[in-house]
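Residue numbering for the sequence shown follows my numbering, beginning at 1 and increasing consecutively. Yeah, the Cβ is synthetic: ideal placement off N, Cα and C, and Gly gets one too. All remarks here apply to the structure that follows.
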Amino acid sequence: MRKFIMTFLMATFINVSPVVSESLSENDIKKLALEAILENPQIVMDAINLLRDLDEANKETSKKQAYLNNKEILTTDVNAPSYGSPDADITIVEFFDYNCGYCKRAMTAVKEVLSNDKNIRIVYREFPILSEGSIFASRAALASRAQNKYKVFHEELMSAQQLNEISVMQIAKRIGLDVEKLLIDMNDPNVFEHIQTSRDLADALQFTGTPSFVIGDRLIGGFIPGDAMMEIIASIRE
């Protein structure tokens with residue numbers, strides 16, 4: 001960063017002919033840069049802001065490429081629970097943790113969007129990052145697919161408070177899951193593969209927390225309300 005700022009100062013604010021600049025020592029350059037800063041301190045902030053903007057642009061380019069590289073698995077992974085028309089023109093991929101308060105709020109937002117627009121498909125990516133209880137809940141949720149109860153179990157887990165092994169199994173029993181079968185299915189390799197794939201995708205897309213969303217080709221890290229989701233969807237369709 002220091003080298004960038006010095007180069008920026010020399011290139012933008014210090015009027016030195018090419019011939020003269022070649023004969024300048026490092027100390028001469030530092031002196032000229034210091035004089036430029038003293039005359040106009042704002043140029044340092046300009047250089048820092050430019051560097052930040054370049055860094056953000058590079059990150060966005062990297063994230064867009066990561067989306068393109070992983071688009072197929074994001075939208076068609078049979079190991080990820082999904083609901084909605086397979087012919088939907090917009091797919092929402094949600095990364096979540098059952099012990100995340102904002103994820104619980106996001107469930108309401110997602111349900112609102114799905115109820116208002118039947119041409120949207122949702123893909124659930126279990127991304128347990130907050131605790132061992134989160135990992136246990138995700139494994140149980142994925143295992144419930146074998147009993148065709150993922151959606152109802154998912155919503156019950158999201159509606160609960162802090163989850164641990166005991167509370168997860170209490171919910172499972174309450175909604176009619178075969179708990180003994182559930183415990184066996186929690187060790188299915190597909191369960192662990194799904195969670196690892198979620199971690200790999202989150203890393204590639206630079207998602208560091210939950211909830212995070214892929215809406216069409218838009219990447220959103222953090223909670224957004226239902227109306228904001230619908231605005232994004234409308235802009236994609238334009």
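Serine 235 classed as buried or exposed, judged by whether at least 16 other C-beta atoms fall within 10 angstroms: exposed
Does the pairing of the region 123-139 with the region 79-86 give three or more beta-carbon distances under 8 angstroms? yes
Would you check if the region 131-144 and the region 172-189 touch, i.e. whether three or more CB-CB distances between them fall below 8 angstroms? yes
Quick check on the burial criterion: 16 or more other C-beta atoms within 10 angstroms. Buried or exposed for aspartate 87? exposed
Which of helix, strand or coil does DSSP assign to glutamate 126? strand
Please report the straight-line C-alpha distance between arginine 52 and methionine 186, rounded to a whole angstrom. 45 angstroms
Verify whether the separation of the beta carbon atoms of glutamate 156 and isoleucine 175 is less than 7 angstroms. yes
Which partner residues of isoleucine 92 appear in the DSSP bridge assignment? Ile122 and Ile215
Supposed close pair lysine 104, methionine 158 - CB separation, criterion 8 angstroms: 5 angstroms
Cutoff 7 angstroms; reference glutamate 112; Cβ partners in own chain excluding five residues on either side: Gly226
If you reduce the DSSP assignment to three classes, tell me which class tyrosine 268 lands in. Coverage of the chain is limited to positions 1 through 238, which leaves residue 268 absent and any answer about it impossible.
What number of angstroms, rounded off, separates the C-alpha of arginine 199 from the C-alpha of isoleucine 48? 33 angstroms
Kindly indicate which three-state DSSP category serine 25 falls into: helix, strand or coil? coil
Once the 5 residues before and after serine 167 are set aside, which same chain residues still bring their CB inside 7 angstroms of it? Ala160
Count the other CB atoms, across all protein chains shown, that sit within 10 Å of the CB of valine 19; report buried if there are 16 or more and exposed otherwise. Caution is warranted here: a pLDDT of 48 is assigned to valine 19, below 50, making its placement in the model unreliable, and the coordinate value is therefore given only provisionally. Counting Cβ neighbours within 10 Å, valine 19 comes out exposed, since fewer than 16 surround it.
Rounded to a whole number of angstroms, what is the C-alpha to C-alpha distance between glutamate 56 and glutamine 147? 45 angstroms
With which residues is tyrosine 83 paired in a DSSP beta bridge? Ile122
Three-way DSSP call (helix, strand, coil) for isoleucine 224 in this model: coil
Please name the residue, chosen from Ser115, His194 and Leu177, that lies closest to threonine 76 on a Cα-to-Cα basis. His194
Would DSSP call isoleucine 236 helix, strand or coil? helix
Under 7 angstroms, do leucine 177 and alanine 137 count as touching if we go by C-beta distance? no
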